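Data first, discussion second: the structure below is written as structure tokens.
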Amino acid sequence: MMQDHAASATAPDTVHETVAHVSAVDPETTRPASTGNAFAHIVYVLKSNPVTLISFGLFGIMIIAALLGPYIVPYDPLASNSAVRLQPPSTDHWFGTDQLGRDVFSRVVVATRLDLFIAITAVALSFVIGSMLGSLAGYYGGWFDTISGRMIDTIMAFPLFVLAMGIVAALGNTVENIIYATAIINIPFYARVARGEVNIRRHAGFAQAARLSGNNDLRVLAFHIFPNALPPMMVQISLNLGWAILNAAGLSFIGLGVRPPTPEWGIMVAEGAQFIVSGEWWLAVFPGVSLMLAVLTFNLMGDGLRDMVDPAQRT
Amino acid sequence: MEDATTMRDKSILGSAPQPALVQVDRLGVSFATRNGTVQAVSNVSFQVAKGETLGIVGESGSGKSVTSYALMRILDRAGRISSGDMTFSGIDLVNADERTMRDLRGREISMIFQNPRMALNPIRRVGDQISDVLRQHAQAVGSNARVKSIELLKIVKIRDAEARYNAYPFELSGGMCQRIVIALALACRPRLLIADEPTTGLDVTTQKTVMELIVELTHERNMSTILITHDLGLASSYCDRIIVMKDGAIVEAGETSELFASPKHAYTRKLIRATPRLDSTVRELLLEDLATAAKPTKAARATSDVPILQVTSLTKSFAPEIAKRSLWLEKLIRSKSIKPPEAPLAIDDISFSIPAGGSVGLVGESGCGKSTTSSIIMRLLEPTVGSVKLNGVELTDIPIKSFARSTYRAQLQMVFQDPTDSLNPRFTARRVIEDPIRMLGSDEDRKCIEERVEQLAERVGLPVDLLSRFPHQLSGGQKARVGIARAIALSPKLLILDEPTAALDVSVQAIVLNLLHDLRADFGMSYLFVSHDLNVVRLLCDDVIVMRAGRIVEQGNASEVLASPQSPYTQTLIDAIPHPPSLHAA
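Here the protein sequences line up with chains C and Y, keeping their order. This note's numbering puts the first residue of the first sequence at 116, with every later residue one more than the last. This note's numbering puts the first residue of the second sequence at 7, with every later residue one more than the last.
Structure (structure tokens):
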């Protein structure tokens, strides 16, 4: 108990939290976990950990760039202008221009949408498939566990990037196939986490109690046990989003998947790499830094996301 | 041994003014938490004389463990000794540097922890773990560490010590593990032993042997002991003096006999009352004012002779499942002549019945098959052979898979042992209670369900505004109430109580037992009370069944069985329960 306190002991501002909580426990509005309560909790998590706050801030910027990117950028990301080829960063072109005179800033911002889309869709797919496989394996055990476990071991036996390359090469060079490939290589992580988390709770008292309340096995698994496996999965999701972006960019970098002239961080780094030797560093550095920041953001977000979905963090 | 006893007697009488070994003066411990600084212990003063056994008694959160951690300076990072002095034979423990403390810990002051399995490293042989301690404190060198460790194992009465040296903790029973921990604690002949709930989670008979071992060894070596426990009965049996703590402060201190004869503080009286005795009734556990406020105990006797539950020659073996699980590859390798080893039966041909409206206690130590029996009756587990009839209907005919939705599900409910484990951490109390109503109840209307949940909460004494809380925001007693409300939500015919108070403090246990007692009368339910504690079972049950190693060794009227047990095993069980001095005598 004391350790719990110690873990969350860095809170200078607890008065707001407590007040919000007390007001949420109003006998008239006793719907469980009212939104005010949940919102106060999210605010608390963000306030208590500056790293989480920064990462969510960066994530917010990325989301805005992804949604509004094409409308707010100063130049058309595809329009070439040979008059301003390979200009270094200036007030007109913040990140400089590339070999065709396209504005690097506009391209970097517009690329956010595609990269985020690939990462989020891929991770969502692998989360759904992986956690379903893992939960069923962890709950029922037996032959299903054995078979799915060995299948996952097989996927894990490949170098994951090479496997993704192989999948894209075999299925065809499209954005969907990048998504499928990224999803497949990430399934094992979710399956394993879900299997472990479900397995240790299979015979927990609350699962037995749920059976006594008239829930059949599937309901016990889906509505009682699985939600308890969410906190560690959240960390996995966040880390995976970072990996997925790197993976998509990596595939594009070696020429698979997204093709030029589509703005995409991986291709931009690949194209810019040729110019580093001749001193035009801005072509590769700015998309590269965006990529790095995106991955960093997702890596830092994990802990905060976990604390948000864990009711035991609410006090 | 004789010397030790006489010295102990002197210290009790206080005739020999020995300098105290441990002197704690106005100790305060605070913890930095999310909600600011919390004072866990304040103004605690006590001393322990040489050879004395001091009991620190209190309920959870009373600061008794924190006090002992402070004494050894092993508080969490967030914890801080905020005030006071502590000396150990002249050494200032508050200001001693970490090196001095390291030397003291283990060699001069050692500790026995609550859970012996957690205290032992699971992947190291127990003998090596003892050798480590000996070497660490330069009590042995590589060559003789093994011999000395085996000696220690013999001292803590582990049979076949040479062979046990190589055992891993998982190969030993809980009682054996605790002996190893005692051997570890005593390895360097410390002068002070702190035992923090050393017998929690052990069976009563094991508890007795472990406590007797501790007492014998500490007396032999003229050691001082601090016994930290929530169990007044245990403290009264083994301590010279007792300190009662509440909310981080000492409420009363005194010699054991005096404390029980004339408790001065109201809280001490409440604790003494709440501890079940051989002759107390369920109402007597409550304080005077509460007991008079409660309704007079209704004669919740069996309403008829027709059994609500009839269990006939129930047998459960876990062996076939193991055989089924062995893979085809194993089967291929093994020749057919080798049979898997015969597993002992978890339950061996037991039969009993519960009359409608009656309550029956099922008593036994861990591993006796009582939980298996209750799981089978609940239709959570398939019996190997035997029949379970509820109101004359054979339950084993309904497959387990579809039993969750059958009409009998609502008639058979259960209150679980651990209120924390049995509540979904992601569900609010309201959702926990409404789950069975939504799944099996006839009410469809949201408003109706909501009202029903509030009625139930009120009935079990849970404030309605607590319904929106998550389990970790509730106290142990409140969680127990939520569990009970869920179990009675569908007005079951038969309620199985699986050690419903084992994880609760005695004062909360007293209240919960009274609640259960009243509910049975009000709802006309029958109880099957599964427990290891005969004393508690007796309070709620008319009849009692004593189980051992899967068989029933004795059954009959509860008070008769307790007064004149027919089986020697029942006698040992009764003898092992530590009793505080009787309330009536005092």
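Just so it is clear, CB atoms sit at the ideal spot from N, CA and C, and this is done for glycine as well. Quantities reported herein were computed from a predicted structural model and do not represent experimental measurements.
Local Cβ density within 10 Å of residue i, reported as buried at 16 or more and exposed below that
| i | result |
| --- | --- |
| Cys-662/Y | Because chain Y in this structure spans residues 7 to 592, residue 662/Y falls outside the shown range and cannot be described. |
| Pro-350/Y | exposed |
| Cys-547/Y | buried |
| Lys-453/Y | exposed |
| Trp-258/C | exposed |
| Ile-80/Y | exposed |
| Leu-333/C | exposed |
| His-318/C | exposed |
| Ala-279/C | buried |
| Lys-407/Y | exposed |
| Asn-520/Y | buried |
| Tyr-159/C | buried |
| Phe-171/C | buried |
| Met-124/Y | exposed |
| Phe-174/C | buried |
Residue-chain proximity (residue i, chain C), Cβ-Cβ < 7 Å
| i | result |
| --- | --- |
| Ala-561/Y | First, the amino acid is wrong: residue 561/Y is Gln here, not Ala. By this cut-off, Gln-561/Y is not an interface position. |
| Ala-410/Y | yes |
| Arg-432/Y | yes |
| Leu-480/Y | no |
| Gln-45/Y | no |
| Phe-324/Y | no |
| Met-445/Y | yes |
| Leu-429/Y | yes |
| Met-420/Y | yes |
Residue of the options minimising C-alpha distance to residue i
| i | options | result |
| --- | --- | --- |
| Gly-482/Y | Ile-353/Y, Ala-435/Y, His-538/Y, Pro-282/Y | Ala-435/Y |
| Gln-572/Y | Val-210/Y, His-585/Y, Ile-558/Y | Ile-558/Y |
| Arg-444/Y | Arg-492/Y, Val-536/Y, Gln-479/Y, Asp-103/Y | Arg-492/Y |
| Pro-376/C | Ala-226/C, Ile-187/C, Val-410/C | Ala-226/C |
| Ile-597/Y | Thr-206/Y, Met-182/Y, Gly-69/Y, Gly-392/Y | The requested residue 597/Y does not occur in the structure, where chain Y is confined to residues 7 to 592. |
| Thr-635/Y | Arg-185/Y, Leu-198/Y, Leu-192/Y, Thr-73/Y | The question about residue 635/Y has no answer, for chain Y in this structure spans 7 to 592. |
| Gly-387/C | Val-158/C, Phe-210/C, Pro-185/C | Phe-210/C |
| Phe-94/Y | Ser-319/Y, Asp-134/Y, Phe-535/Y, Thr-106/Y | Thr-106/Y |
| Phe-276/C | Trp-358/C, Leu-251/C, Ala-181/C | Trp-358/C |
As assigned by DSSP and simplified to three states, the class of residue i
| i | result |
| --- | --- |
| Arg-32/Y | strand |
| Lys-252/Y | strand |
| Ala-284/C | helix |
| Arg-465/Y | helix |
| Val-470/Y | helix |
| Gly-483/Y | helix |
| Ile-328/Y | Residue confidence for Ile-328/Y is low, a pLDDT of 47 falling below 50, so the modelled location carries little weight and cannot support an answer. |
| Phe-119/Y | coil |
| Asp-561/Y | In the sequence on display, residue 561/Y carries Gln and not Asp. Here Gln-561/Y sits in strand by DSSP. |
| Ala-173/Y | coil |
| Ile-200/Y | strand |
| Tyr-190/C | coil |
| Met-383/C | helix |
| Ser-359/Y | strand |
Contact with chain Y by residue i, beta-carbon distance below 7 Å
| i | result |
| --- | --- |
| Phe-321/C | yes |
| Arg-421/C | no |
| His-339/C | yes |
| Gly-329/C | yes |
| Arg-317/C | no |
| Arg-222/C | no |
| Ala-324/C | yes |
| Asn-343/C | yes |
| Pro-347/C | no |
| Pro-203/C | no |
| Pro-303/C | no |
Close-in-space but distant-in-sequence residues of the same chain around residue i (CB under 8 Å, 5 per side omitted)
| i | result |
| --- | --- |
| Ser-565/Y | Arg-544 |
Other residues of its chain near residue i: CB distance less than 6 Å, five sequence neighbours each side excluded
| i | result |
| --- | --- |
| Ala-298/C | Ala-237, Leu-240, Ser-241 |
| Thr-212/Y | Gly-181 |
| Asn-541/Y | Pro-282, Ile-583 |
| Thr-215/Y | none |
| Leu-286/C | Asn-292 |
| Val-44/Y | Phe-37 |
Check: residue i C-beta below 6 Å from any heavy atom of the ligand NAP
| i | result |
| --- | --- |
| Pro-128/Y | In terms of ligand content, the structure shown is empty, and the ligand NAP therefore cannot be addressed. |
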